[in-house]
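**Q** First to last, the sequence lines map onto chains A and B.
With my numbering applied, the first sequence closes on residue 240, and no number is skipped along the way.
With my numbering applied, the second sequence closes on residue 240, and no number is skipped along the way.
The beta carbon of each residue, even a glycine, is placed where N, CA and C say it ideally should be.
Before anything else, here's the structure in question.
2 protein chains.
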Amino acid sequence: MLGMEVQVAVAKIGKYATSSSGDTVEVVERPQGGVSAVLADGQSSGKGAKIVSSLVVRKVIALLAEGVRDGAAARAASDSLFTERNGKVSSTLNILSVDYQTRTLVITRNNPAPAILARQGQIKWLSEVSIPIGLYRDTRPIISEVPLEAGLVAIAFSDGLVHAGERLGQSLDIVSCIQELLEEEAPSPQLIADTLLSHALRLDDYRPVDDISVVVLGIMKHAGDEVRRMVVRLPLEPNY
Amino acid sequence: MLGMEVQVAVAKIGKYATSSSGDTVEVVERPQGGVSAVLADGQSSGKGAKIVSSLVVRKVIALLAEGVRDGAAARAASDSLFTERNGKVSSTLNILSVDYQTRTLVITRNNPAPAILARQGQIKWLSEVSIPIGLYRDTRPIISEVPLEAGLVAIAFSDGLVHAGERLGQSLDIVSCIQELLEEEAPSPQLIADTLLSHALRLDDYRPVDDISVVVLGIMKHAGDEVRRMVVRLPLEPNY
Numbered sequence: 001m002l003g004m005e006v007q008v009a010v011a012k013i014g015k016y017a018t019s020s021s022g023d024t025v026e027v028v029e030r031p032q033g034g035v036s037a038v039l040a041d042g043q044s045s046g047k048g049a050k051i052v053s054s055l056v057v058r059k060v061i062a063l064l065a066e067g068v069r070d071g072a073a074a075r076a077a078s079d080s081l082f083t084e085r086n087g088k089v090s091s092t093l094n095i096l097s098v099d100y101q102t103r104t105l106v107i108t109r110n111n112p113a114p115a116i117l118a119r120q121g122q123i124k125w126l127s128e129v130s131i132p133i134g135l136y137r138d139t140r141p142i143i144s145e146v147p148l149e150a151g152l153v154a155i156a157f158s159d160g161l162v163h164a165g166e167r168l169g170q171s172l173d174i175v176s177c178i179q180e181l182l183e184e185e186a187p188s189p190q191l192i193a194d195t196l197l198s199h200a201l202r203l204d205d206y207r208p209v210d211d212i213s214v215v216v217l218g219i220m221k222h223a224g225d226e227v228r229r230m231v232v233r234l235p236l237e238p239n240y
Numbered sequence: 001m002l003g004m005e006v007q008v009a010v011a012k013i014g015k016y017a018t019s020s021s022g023d024t025v026e027v028v029e030r031p032q033g034g035v036s037a038v039l040a041d042g043q044s045s046g047k048g049a050k051i052v053s054s055l056v057v058r059k060v061i062a063l064l065a066e067g068v069r070d071g072a073a074a075r076a077a078s079d080s081l082f083t084e085r086n087g088k089v090s091s092t093l094n095i096l097s098v099d100y101q102t103r104t105l106v107i108t109r110n111n112p113a114p115a116i117l118a119r120q121g122q123i124k125w126l127s128e129v130s131i132p133i134g135l136y137r138d139t140r141p142i143i144s145e146v147p148l149e150a151g152l153v154a155i156a157f158s159d160g161l162v163h164a165g166e167r168l169g170q171s172l173d174i175v176s177c178i179q180e181l182l183e184e185e186a187p188s189p190q191l192i193a194d195t196l197l198s199h200a201l202r203l204d205d206y207r208p209v210d211d212i213s214v215v216v217l218g219i220m221k222h223a224g225d226e227v228r229r230m231v232v233r234l235p236l237e238p239n240y
């Protein structure tokens with residue numbers, strides 16, 4: 001795997017005319033090597049949803065940092081939310097990880113919305129029935145794990161992407177959109193995330209009816225140095 | 001501040017021939033709006049240093065997520081490390097924040113290495129005496145806070161940047177390097193971080209004698225959409 005790198009891209013927008021997105025996404029290094037992106041979408045929208053999703057993501061990150069495996073971290077986050085909110089508040093949870101220990105890419109889903117895994121240009125729609133965390137005791141995630149290889153792409157998103165366009169009677173054909181992107185020469189995770197989100201925004205007439213977050217993780221060819229890089233861009237809120 | 005955005009860039013490399021960098025950097029959204037970048041450099045290098053710096057950053061992030069202000073979070077992290085390691089292990093700590101509540105940029109330093117604040121093209125070298133956390137009870141950070149305005153740039157780094165080139169009797173003139181960059185039209189934080197790190201790498205003959213991390217936060221003009229974006233790039237380790 002020499003000459004390869006992990007790229008993670010996040011693109012994210014809040015529901016139109018709300019002050020804060022109810023989605024939370026964080027990307028963290030794993031203690032034994034590798035990286036994890038954690039996405040949670042708290043029930044409802046606005047401030048309350050943000051508190052829940054932030055709580056869930058922080059819990060998962062703290063456990064991953066201690067070396068807890070993704071599936072166990074998701075179950076712990078569920079039990080923790082269930083206990084704290086008496087089973088009355090749910091949150092979706094997705095974890096995309098590159099784990100240097102197991103040399104695998106791991107997709108963890110507690111989310112009715114599907115996730116996507118692309119290998120060698122083939123798109124797999126991960127849609128096995130999966131429920132959000134926090135509503136029941138002992139909620140288990142659906143886990144997909146594949147050996148690391150060049151060209152792997154994993155995609156997770158909040159349901160705002162799935163519901164984009166509904167107000168206008170339209171919907172985003174996510175698979176076709178990704179298929180088209182993958183026909184290009186090794187599209188970057190950044191391009192994939194931006195394209196999906198911009199299609200969704202167009203369908204929502206640039207006034208998203210829900211928070212939309214897209215997270216894309218890919219194993220890419222790498223011709224550069226051994227430097228790790230991160231860039232975050234955050235528009236100052238219009239009402240700032 | 002309409003039409004402005006916060007950009008945060010991180011560039012980071014481990015000491016040559018060690019498996020993991022002792023530095024930890026994480027970027028998180030603030031619960032009341034805004035963003036914080038947290039950099040810690042654990043004493044010594046390799047695995048032990050990584051455990052310490054990761055612990056410090058996690059502690060700070062957890063507190064920031066609860067709405068604790070930066071200075072208080074730094075003090076709490078210091079007391080916590082002091083208690084956990086009996087005052088025998090130190091770590092540097094820098095926090096760069098854009099706080100929507102106070103409408104300020106906040107630079108928090110527990111680091112003998114200076115930090116930098118550029119306003120309207122003027123570079124301020126923040127070098128007031130500052131000690132790492134963990135060695136004494138009640139260690140206080142040095143805090144610089146300025147109102148948000150277009151063109152503000154804050155830069156923090158681990159001491160690997162300061163010591164780059166020492167083996168070969170050279171050193172990096174950080175201020176001149178930044179001055180030169182600022183003479184360009186609104187250099188992006190990404191360009192600033194990459195340029196500083198690549199200069200340091202060259203002085204170390206591409207075998208860094210210490211972990212080097214550079215974090216740059218800037219308030220930039222923004223002509224795009226309201227989408228928040230993050231990209232992380234992580235080379236797979238050579239010994240992977």
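Spatial neighbours of T102 (chain A) within its chain, please: C-beta separation below 7 Å, excluding the five flanking residues on both sides.
**A** Result list for T102 (chain A): empty, nothing under 7 Å.
**Q** Tell me, please, which residues DSSP counts as bridged to K124 (chain B).
**A** BP columns for K124 (chain B) point to B:L117.
**Q** With C-beta atoms as the reference, is A200 (chain B) less than 8 Å away from L234 (chain B)?
**A** In this structure, L234 (chain B) does not lie closer than 8 Å to A200 (chain B) by Cβ.
**Q** Starting from R233 (chain B), trace the beta strand (DSSP E) in both directions and tell me its first and last residue.
**A** Where R233 (chain B) is concerned, the enclosing beta strand (DSSP E) stretches over R228 to P235.
**Q** Could you tell me whether the region 31-47 of chain A touches the region 73-91 of chain A, using the rule of 3 or more Cβ pairs below 8 Å?
**A** Yes: at least three Cβ pairs fall under 8 Å.
**Q** With H, G and I counted as helix, E and B as strand and the rest as coil, what does DSSP make of V6 (chain B)?
**A** Looking at V6 (chain B) - three-state DSSP - the assignment turns out to be strand.
**Q** I'd like to know if the region 57-66 of chain B and the region 57-69 of chain A are in contact, where contact means that at least 3 CB-CB pairs between them fall below 8 Å.
**A** Flag = yes, the region 57-66 of chain B and the region 57-69 of chain A touch.
**Q** Nearest-angstrom Cα distance between T18 (chain A) and K47 (chain A)?
**A** Computed Cα separation, rounded: 9 Å.
**Q** In angstroms, rounded to a whole number, what distance separates the CA positions of D138 (chain A) and Q7 (chain B)?
**A** Approximately 40 Å, taken between the alpha carbons.
**Q** What's the call for V175 (chain B), buried or exposed, on a 16-neighbour Cβ count within 10 Å?
**A** Looking at its Cβ environment, which holds fewer than 16 other Cβ atoms inside 10 Å, V175 (chain B) is exposed.
**Q** Beta-carbon of K12 (chain B) versus every beta-carbon of chain A: anything under 8 Å?
**A** Yes, because at least one Cβ of chain A sits closer than 8 Å to the Cβ of K12 (chain B).
**Q** Measuring straight from C-alpha to C-alpha, what distance separates A73 (chain B) and D79 (chain B)?
**A** Approximately 10 Å, taken between the alpha carbons.
**Q** Within its chain, find whatever has a CB closer than 8 Å to the CB of Y240 (chain A); leave out the 5 residues flanking it on each side and keep chain order.
**A** Confidence at Y240 (chain A) is low in this model, with a pLDDT of 42, below 50, so the placement of that residue should be treated as unreliable; the coordinate-derived value is given next. Cβ within range, chain order: n/a, list empty.
**Q** Whose Cβ in chain A lies nearer than 9 Å to the Cβ of S158 (chain B)?
**A** Chain A residues near S158 (chain B): none, gap ~13 Å exceeds 9 Å.
**Q** Since G48 (chain A) meets chain B, which of its residues come closer than 9 Å, beta carbon to beta carbon?
**A** By Cβ distance, chain B contributes nothing, its closest Cβ being about 13 Å from G48 (chain A), past 9 Å.
**Q** Tell me the residue span of the beta strand (DSSP E) that contains A156 (chain A).
**A** A156 (chain A) -> beta strand (DSSP E) spans V153 to F157.
**Q** Reducing DSSP to helix, strand and coil, say where D138 (chain B) ends up.
**A** In the structure shown, D138 (chain B) sits in coil (DSSP, three-state: anything other than H, G, I, E or B).
**Q** With a 10 Å radius around its C-beta and 16 neighbouring C-beta atoms as the bar for buried, classify V216 (chain B) as buried or exposed.
**A** By the 10 Å Cβ count, V216 (chain B) comes out buried.
**Q** Around the C-beta of S130 (chain B), are 16 or more other C-beta atoms found within 10 angstroms, so that it is buried, or is it exposed?
**A** The residue is buried, with at least 16 neighbouring Cβ atoms inside 10 Å.
**Q** How far does the alpha helix (DSSP H) with G71 (chain B) in it reach, from first residue to last?
**A** Counting along the chain, the alpha helix (DSSP H) containing G71 (chain B) begins and ends at D70 to E84.
**Q** Excluding five sequence neighbours on each side, which residues of the same chain lie with their C-beta closer than 7 Å to the C-beta of H163 (chain A)?
**A** Answer for H163 (chain A): V209 and D210, listed in chain order.
**Q** Just checking: is the beta-carbon of Y240 (chain A) within a distance shorter than 8 Å of some beta-carbon in chain B?
**A** Any answer about Y240 (chain A) is weak, because its pLDDT of 42 lies below 50 and its placement is not dependable; what the coordinates show is given next. Yes, because at least one Cβ of chain B sits closer than 8 Å to the Cβ of Y240 (chain A).
**Q** For P235 (chain B), would you say it is in contact with chain A, using Cβ-to-Cβ distances shorter than 8 Å as the test?
**A** Yes, P235 (chain B) counts as interfacial toward chain A.
**Q** Just to make sure I have the definition right: I need the residues of chain B whose C-beta is within less than 7 Å of the C-beta of P31 (chain A). Which are they?
**A** By Cβ distance, chain B contributes S54.
**Q** Per the DSSP calculation, R109 (chain A) is bridged to which residue(s)?
**A** BP columns for R109 (chain A) point to A:N94 and A:I142.
**Q** Is the distance from the Cβ of A113 (chain B) to the Cβ of S158 (chain B) below 8 Å?
**A** Yes, these two residues count as a Cβ contact at 8 Å.
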